[in-house]
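In my numbering, the protein residues as written are 11 to 331.
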Amino acid sequence: MFDILLHTLDAALRVSTPLIFCAMAGIFSERAGIIDISLEGKLLASAFAAACMAHVSGSPIVALLAAVCVSASLSLLHGFACITHRGNQVVSGLAINILVSGLTVVLGHAWFRRGGQTPNLASDERFMPVTLPGADAIGGLPAAGPVYQHVISGHNVLVYLSFAVVAGTAWVLYRTRFGLRLRAVGENPQAVDTAGISVTWLRYRAVIIAGVLCGIGGTYLAIAQNAGFTREMSAGQGYIALAAMVFGNWRPGRALGACLLFGLLDAVAIRLQGVPLPVVGEVPVQLIQSLPYVLTVVLLAGFFGRSIAPKAIGQPYSKDR
């Protein structure tokens with residue numbers, strides 16, 4: 011029983027990682043007043059770019075850089091439509107999601123002739139798990155030893171980076187001048203402009219940071235958690251990250267908790283597949299797979315009313331007002 015619990019927690023951390031990157035990306039963007047529904051599209055596009063460059067170059071670092079560039083470019087496109095031209099932010103995000111969904115399949119089929127998939131990657135083309143110091147030595151200790159050996163150790167570097175990003179996001183938002191201005195522009199852009207600070211440049215920096223974080227999340231999805239790109243492999247995780255961000259009230263720590271909760275539910279659902287339960291017997295796989303999404307909706311329905319969004323979110327800013 012203890013081993014099952016350890017493996018479930020280990021799987022929960024792996025599943026939560028792309029959600030954490032996307033949730034932090036959404037916090038940067040939406041704290042600056044820009045709704046970012048395009049998290050899903052950027053996650054998918056960066057996963058495709060990472061898998062392609064890993065296959066071509068053989069280097070996961072090059073793949074990571076390519077994925078970040080692609081995702082940041084889409085963020086700039088979103089910023090150009092929403093900040094420069096003051097377009098509808100929801101429509102712009104949805105357009106990017108639809109564009110990426112079709113473009114990745116077309117390009118993947120044209121380049122690799124595998125129905126939109128990329129070739130499987132070798133281990134030296136991916137981010138592989140690393141063993142933390144002392145994991146084998148203290149693995150025999152009661153309770154703490156197996157937790158350190160099987161839950162904390164044994165992940166790839168991007169999993170650990172995701173937790174560092176949460177701490178970095180909290181530090182930037184609440185401990186730096188840039189974070190103070192970022193939160194202010196999401197609440198009252200007129201006041202920021204009156205202080206002589208460029209609202210446009212501040213919001214562009216926020217969406218660029220969001221693009222970089224989504225690029226890392228997509229890289230993890232394609233060349234760390236998996237060994238290649240498959241069509242629609244993001245499977246709505248960008249939307250789930252948005253929900254986690256709202257559930258976390260646009261705060262990094264709470265959003266992290268929401269991402270871990272969804273990851274745990276997903277890990278439990280995977281563990282329950284094919285396992286007969288008391289009284290009800292074996293539950294259909296489709297019902298088990300939908301369990302995390304259903305529970306996420308239920309949790310959001312219960313807590314959404316308590317969330318307080320930035321006051322200027324979704325509102326284009328113009329000096330003429």
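Ideal Cβ positions, reconstructed from N, Cα and C, are used throughout, including at glycine.
For clarity, every value in this text was computed on a predicted model and none was experimentally measured.
DSSP three-state label for residue i, please.
i      : result
Pro286 : strand
Ala135 : Just to set this straight, residue 135 is Glu in the shown sequence, not Ala. Of the three classes helix, strand and coil, the one that applies to Glu135 here is helix, per DSSP.
Phe107 : A small fix is needed here, since residue 107 is Asn in this sequence, not Phe. Helix.
Ser56  : helix
Ala319 : coil
Gly164 : coil
Leu231 : helix
Met11  : coil
Gly150 : coil
His95  : coil
Thr204 : helix
Leu142 : coil
Glu40  : helix
Gln159 : helix
Phe188 : helix
Trp260 : coil
Pro129 : coil
Pro326 : coil
Phe239 : coil
Arg124 : coil
Ile218 : helix
Please name the residue in the options whose C-alpha comes closest to that of residue i.
i      : options                        : result
Ala147 : Pro262, Pro156, Pro139         : Pro156
Gly227 : Gln325, Ser67, Arg213, Ala35   : Ala35
Ser56  : Ala205, Gly43, Tyr230          : Tyr230
Ile30  : Gly225, Val308, Leu84, Leu301  : Gly225
Leu252 : His17, Leu19, Phe38, Asp13     : Phe38
Asn198 : Tyr184, Arg185, Arg213, Thr186 : Arg213
Asp20  : Pro286, Ala277, Asp134         : Ala277
Leu117 : Leu84, Phe58, Pro143           : Phe58
Leu301 : His165, Ser26, Gln283          : Gln283
Phe188 : Gly238, Trp211, Gly97, Ala154  : Trp211
Thr240 : Ser328, Ser172, Leu113, Arg261 : Leu113
Ala180 : Ile44, Pro70, Gly258           : Gly258
Ala82  : Leu54, Met11, Val169           : Leu54
Ile318 : Asn166, Ile45, Trp260, Ile162  : Trp260
Leu74  : Pro286, Ile44, Ser328, Leu168  : Leu168
Val80  : Ala61, Arg96, Thr94            : Ala61
Ile162 : His17, Lys329, Ile323, Tyr327  : His17
Asn130 : His65, Leu49, Gly196           : His65
Asp134 : Pro286, Val72, Val182          : Val72
Val100 : Ala153, Tyr327, Ile45          : Ile45
Val182 : Pro28, Ala232, Pro262          : Pro262
Asp13  : Ile250, Ala154, Glu292, Arg215 : Ala154
Val307 : Tyr249, Gly150, Gly164, Arg215 : Tyr249
Phe122 : Met63, Pro152, Ala194          : Met63
Ala77  : Thr186, Ile233, Pro294         : Ile233
Ile323 : Arg96, Leu15, Ala22            : Arg96
What are the residues that DSSP puts in a beta bridge with residue i?
i      : result
Glu292 : Pro286
State the Cα-Cα distance for the pair residue i and residue j, rounded to the nearest angstrom.
i      : j      : result
Val304 : Arg41  : 27 Å
Arg124 : Lys321 : 46 Å
Leu274 : Ile207 : 42 Å
Met255 : Ala132 : 34 Å
Leu86  : Ile47  : 14 Å
Leu8   : Val110 : In the structure displayed, the chain extends from 11 to 331; residue 8 sits before or after that span and is not available.
Arg136 : Gly68  : 8 Å
Gln235 : Gln325 : 37 Å
Val202 : His119 : 47 Å
Tyr158 : Ala205 : 49 Å
Ser26  : Arg264 : 14 Å
Lys329 : Pro143 : 55 Å
Val115 : Ala237 : 17 Å
Val209 : Tyr184 : 19 Å
Pro70  : Cys32  : 20 Å
Leu297 : Thr128 : 29 Å
Ser172 : Leu266 : 10 Å
Gly196 : Tyr327 : 10 Å
Lys7   : Arg24  : The first residue shown for the chain is 11 and the last is 331, placing residue 7 beyond what the model contains.
Gly43  : Asn98  : 12 Å
Tyr170 : Met138 : 12 Å
Pro286 : Thr94  : 56 Å
Thr141 : Asn166 : 9 Å
Ile280 : Gln200 : 49 Å
Pro152 : Ala194 : 49 Å
Val217 : Leu49  : 11 Å
Met11  : His160 : 14 Å
Can you find a CB in chain C that lies within less than 9 Å of the CB of residue i?
i      : result
Val115 : Absent from the structure: chain C. Only one protein chain is present.
- Query: Are the stretch 209–225 and the stretch 97–116 touching, with three or more C-beta to C-beta distances below 8 Å?
  - Reply: No, the stretch 209–225 is not in contact with the stretch 97–116.
- Do the stretch 78–90 and the stretch 264–278 meet, that is, are 3 or more Cβ pairs less than 8 Å apart? Short answer: they don't touch.
- Query: Are the stretch 165–176 and the stretch 236–245 in contact at 8 Å, needing three or more beta carbon pairs?
  - Reply: Contact fails: fewer than three Cβ-Cβ distances are below 8 Å.
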